[in-house]
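Chemist:
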Amino acid sequence: MSTQPITHRLERRTAPRALSLRPLLVSLLGPLTALAGVLWAVVQPYRVTLLHPHGQPFWWLVVEPPLLVVAAGLAFHLLVARSLVRELEEG
Numbered sequence: 167m168s169t170q171p172i173t174h175r176l177e178r179r180t181a182p183r184a185l186s187l188r189p190l191l192v193s194l195l196g197p198l199t200a201l202a203g204v205l206w207a208v209v210q211p212y213r214v215t216l217l218h219p220h221g222q223p224f225w226w227l228v229v230e231p232p233l234l235v236v237a238a239g240l241a242f243h244l245l246v247a248r249s250l251v252r253e254l255e256e257g
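Quick note, the working numbering runs 166 ahead of the 1-based positions in the sequence shown.
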């Protein structure tokens with residue numbers, strides 16, 4: 167019985183990637199920022215006028231600081247962090 171096919175298959179496999187701290191931190195920045203915005207909205211609900219829009223115009227309802235923080239975290243995660251993590255892993 168020959169072991170050549172088994173060793174040939176093992177050589178084709180790629181080595182597992184080592185978990186690097188920098189790409190992990192970059193990929194967590196967006197979700198943690200969005201979570202901070204949600205927590206801010208929970209801790210200070212009076213800042214989010216979507217809960218009580220008494221005669222407020224559209225832009226006053228949309229441009230709220232906690233909502234902007236959530237939007238910035240999501241935008242960073244979806245638009246920036248993925249390419250940064252890819253570049254960090256390649257380099």
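Positions of the beta carbon are idealized from the N, C-alpha and C atoms, including for glycine.
1) Between the C-alpha atoms of E255 and L240, what's the straight-line distance to the nearest angstrom?
2) Can you tell me whether P219 is helix, strand or coil according to DSSP?
3) Where does H243 land, buried or exposed, given buried means 16+ other C-beta within 10 angstroms?
4) Can you check whether the CB of P232 is closer than 8 Å to the CB of G203?
5) If I'm right that V214 touches E230 with Cβ under 8 Å, what's the distance once you round it to whole angstroms?
6) So, for S193: in the same chain, excluding its five sequence neighbours on each side, which residues have a beta-carbon less than 6 Å away from its beta-carbon?
7) CA-CA distance, V236 and L205?
Modeler: Reading from the atomic positions:
1) C-alpha separation (whole angstroms): 21 Å.
2) Coil at P219, not helix or strand.
3) Buried.
4) In terms of Cβ geometry, G203 and P232 form a close pair [threshold 8 Å].
5) Indeed they touch by this definition, with Cβ atoms about 5 Å apart.
6) Cβ within range, chain order: A247, V251.
7) The alpha-carbon atoms of V236 and L205 are separated by roughly 10 Å.
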